[in-house]
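**Student:** What follows is a structure written as structure tokens; I'll ask about it next.
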Amino acid sequence: MNIDEGTYIVLKSALGAYSCRELPLPRQWDPIRRPHVAVLIPDAGSVFHVLISEPKDTKSGQSQLETVDLNSLPEGSVVEIRYDETDYGFYRKDPSGWTKVAGAQDPFFVEVYSSGYNPMLLNLFDAALGELVGHAES
1 MNIDEGTYIV
11 LKSALGAYSC
21 RELPLPRQWD
31 PIRRPHVAVL
41 IPDAGSVFHV
51 LISEPKDTKS
61 GQSQLETVDL
71 NSLPEGSVVE
81 IRYDETDYGF
91 YRKDPSGWTK
101 VAGAQDPFFV
111 EVYSSGYNPM
121 LLNLFDAALG
131 ELVGHAES
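If you read the sequence shown in our numbering, its first letter stands for residue 1, the second for the next number, and so on.
This is the structure we're talking about:
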């Protein structure tokens with residue numbers, strides 16, 4: 001999912017649905033679903049996803065997903081936790097823990113918890129379509 005600077009600002013300022021001390025990280029690597037954890041980094045009007053997890057083989061032959069120590073991230077950091085292509089959430093690091101600021105279980109809409117449990121829907125389909133049309137016109 002592409003995130004622009006405006007969406008990133010909304011994620012940083014959202015009130016959030018709930019807070020948790022530990023994030024619900026994916027533990028098992030699946031090459032089909034490709035779960036990951038990424039930190040969002042804004043830079044010059046764009047937002048980059050920097051992966052902070054990677055699959056590691058264990059002695060039993062299964063692949064586990066290892067993630068860096070998330071407590072080392074600065075306060076205000078926004079991370080994306082993706083379980084598969086349509087199931088993911090965004091969490092912001094606050095003084096008391098991690099706050100879920102957005103989530104999706106649909107490829108076209110993200111629910112941003114701008115005022116608690118009542119989500120504001122962001123239609124990502126129109127943004128993606130506009131990006132495709134812009135590339136086609138160039």
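In this text, a Cβ means the ideal position worked out from N, Cα and C, and glycines have one as well.
1) Whose CA, out of Asn2, Pro24, Ile9, lies closest to the CA of Leu70?
2) Beta carbon of Arg82, beta carbon of Pro42: below 9 Å?
3) Can you grab the Cα-Cα spacing for the pair Gly76 / Tyr113, in whole Å?
4) Compute the beta-carbon to beta-carbon distance between Ala38 and Val79, rounded to the nearest angstrom, for a pair I have assumed lies under 8 Å.
5) Looking only at its own chain, which residues have a Cβ that is under 7 Å from the Cβ of Gly89, when we skip the five neighbours before and after it?
6) Can you check which of these residues, Ser72, Asp30, Leu73, is closest to Asp57 by C-alpha distance?
7) Report back the beta-carbon spacing between Ser46 and Trp98 to the nearest angstrom; my notes put them in contact at under 8 Å.
8) The beta strand (DSSP E) that contains Gly97, what's its start and end?
9) For Pro74, which option in Pro95, Phe108, Asn2, Ser63 has the closest C-alpha, if you only look at C-alpha atoms?
10) Could you have a look at Val110 and say whether DSSP puts it in helix, strand or coil?
11) How big is the Cα-Cα spacing for Ser63 and His36?
12) Can you tell me whether DSSP reads Lys12 as helix, strand or coil?
13) Might you give, ordered along the chain, the residues of its own chain that have their beta carbon closer than 7 Å to the beta carbon of Asp4, omitting 5 neighbours on each side?
**Tutor:** Once the coordinates are examined:
1) Across the set Asn2, Pro24, Ile9, the C-alpha of Pro24 shows the shortest separation from the C-alpha of Leu70.
2) no
3) If I take the Cα positions, the gap works out to 16 Å.
4) 7 Å
5) If we look at Gly89 and ignore the five residues flanking it on each side, its Cβ neighbours are Ile81, Lys100, Ala102, Gly103.
6) Asp30
7) Rounded, the Cβ-Cβ distance is 24 Å, inconsistent with contact.
8) Counting along the chain, the beta strand (DSSP E) containing Gly97 begins and ends at 97-104.
9) Pro95
10) Strand.
11) 13 Å
12) helix
13) Val47
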